[in-house]
Amino acid sequence: MEKIANLKDVKPGGSLTFNYKGEKAILVRTKGGKLVAYLTVCPHEGGNIEWDEQLNKMLCECHLSLFNVEDGSVYRHSSLFELNKSLTKIELKVDENQDVYAL
Ligand code: FES
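Heads up, the working numbering is the position in the sequence shown plus 4, with the first residue counted as 1.
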């Protein structure tokens, strides 16, 4: 279990990147206050995944596919290919000090 942040470090709508077992990952606090984390590797061809606060979606910079921030499922993919795989989710735990851990 690895501490990645304290809740006060991520305001609703905010995000931060962290290292998860040697891979780049992103922690997002949704506008509703829910915490989620994913590897930043797109399940299509490995493009970089970013949090797009304005769209309220996770965005692949490579082919501009969008993923739902709540569960990492595909929201919209390019008309050029099928994409049914979700982002790789990382389980989180928040302790009584509001420290956030990746499990
Ligand atoms: S690599 Fe992400 S949509 Fe293609």
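Note that beta-carbon positions come from the ideal geometry of N, C-alpha and C, so glycine has one too.
Along the chain, where does the beta strand (DSSP E) containing Glu6 start, and where does it finish?
Glu6 to Asn10
Determine the closest residue to Lys28 out of Gly76, Gly18, Ala41 and Lys35, with distance taken between C-alpha atoms.
Ala41
Assuming Ile53 contacts Leu84 under a Cβ cut-off of 8 Å, what Cβ separation, rounded to an integer in Å, is found between them?
Their Cβ separation, rounded to whole angstroms, is 18 Å, which puts Ile53 and Leu84 out of contact at 8 Å.
Three-state secondary structure assigned by DSSP to Asp13:
helix
Just grab the DSSP bridge partners of Ser19 for me.
Val32
Taking 6 Å as the cut-off, is the beta-carbon of Gly51 closer than that to any non-hydrogen atom of the ligand FES?
yes
Close-in-space but distant-in-sequence residues of the same chain around Leu20 (CB under 7 Å, 5 per side omitted)
Ala9, Asp13, Val14 and Leu31
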